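Participant: My questions will all concern the structure given below.
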């Protein structure tokens, strides 16, 4: 894994850190590959019970595609006649990253320390919970460089802010402040910039110590319910509740409640 993405697992929490602060954590090829590997590793590791996605520096969470690298690929593709092949990074990198984050059977927390633009905005929306520094900002960016949406943002953004507002933000890219992001539902929590790292770790560790199977079922239920009928969703809830009810953590929680104790979940 490239050093442009750091990966650490400690006490059930996997921390993925974008580590190109000098480039505002832009996605060059090495970084995209490393982020894909880290996200997939965290999703597949059963010892990982929560994921924290964060970034180095204080200017940017991730500004999306590294356009300095990208322009070279565009010129080379034009010379060779490769055409649309230059955008293969969407299929090779962005799609697997977003699938790993959204499909992980565990909660994913994003700590947004600065600008989240383009694919960076998409990665933030792929998380289940977003803690945002009061100095952070969001921008869809795509139309500003004559591109359409990627990194799942055409799926996630309308579900967060509604279709009409999503169309506005995509057609007319602009900087969205942390406060507006909170009002739109993009940010779940705003904290002072100096407190972001500690608060994000606190929240992520609390989730890592929680009922992992229940969290996974909640993620699956929410994703299902958005695109299915009420009757189909009720059936899915029945299926998932049966699974959660058979878990060790459910028994632990009920016994702890009866005994007026704090439950100590095992994640199974």
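Residue numbers (this note's numbering): 143 to 410. For glycine and all other residues, C-beta sits at the position ideal for the given N, C-alpha and C. Since the structure is predicted, the reported quantities are computational estimates derived from the model, not experimental observations.
Is it the case that the CB of residue 353 approaches a heavy atom of the ligand HEM more closely than 7 Å?
Facilitator: With respect to small molecules bound, the structure shown includes none, and the ligand HEM cannot be examined in it.
Participant: Measure the CB-CB distance between residue 334 and residue 282 and report whether it falls below 8 Å.
Facilitator: Going by C-beta atoms, residue 334 is not nearer than 8 Å to residue 282.
Participant: Could you have a look at residue 281 and say whether DSSP puts it in helix, strand or coil?
Facilitator: DSSP places residue 281 in strand when its eight states are reduced to three.
Participant: Just to confirm, is the Cβ distance from residue 312 to residue 285 under 8 Å?
Facilitator: Against a cut-off of 8 Å, the Cβ pair of residue 285 and residue 312 comes out as a contact.
Participant: Excluding the 5 residues preceding and the 5 following residue 300 in the sequence, name in chain order all residues of the same chain whose CB lies nearer than 6 Å to its CB.
Facilitator: Counting only Cβ-Cβ distances below 6 Å, and skipping sequence neighbours, we find 308.
Participant: Determine the direct distance from the alpha carbon of residue 402 to that of residue 174, and round the result to whole angstroms.
Facilitator: Going by the C-alpha atoms only, they are around 47 Å apart.
Participant: Would residue 387 be called buried (16 or more neighbouring beta carbons within 10 Å of its own) or exposed?
Facilitator: Exposed.
Participant: Is it right to say residue 336 is buried, meaning 16 or more other beta carbons lie within 10 angstroms of its own, or is it exposed?
Facilitator: That one is exposed.
Participant: Residues bridged to residue 303 by DSSP?
Facilitator: Residue 303 pairs with nothing; no bridge assigned.
Participant: Spell out the partners DSSP gives residue 192 in its beta bridges.
Facilitator: Partner(s): 155.
Participant: Taking the straight line between their C-alpha atoms, what separation do you get for residue 303 and residue 378?
Facilitator: Going from the Cα of residue 303 to the Cα of residue 378 covers about 25 Å.
Participant: DSSP three-state label for residue 314, please.
Facilitator: In the structure shown, residue 314 sits in coil (DSSP, three-state: anything other than H, G, I, E or B).
Participant: So what does residue 183 bridge to, in DSSP terms?
Facilitator: None; residue 183 has no bridge partner.
Participant: Give me, in chain order, the residues of the same chain whose beta-carbon lies closer than 7 Å to that of residue 338; leave out the 5 immediate sequence neighbours on both sides.
Facilitator: Counting only Cβ-Cβ distances below 7 Å, and skipping sequence neighbours, we find 253, 255, 273 and 275.
Participant: Taking 8 Å as the threshold (C-beta atoms), are residue 238 and residue 271 in contact?
Facilitator: No.
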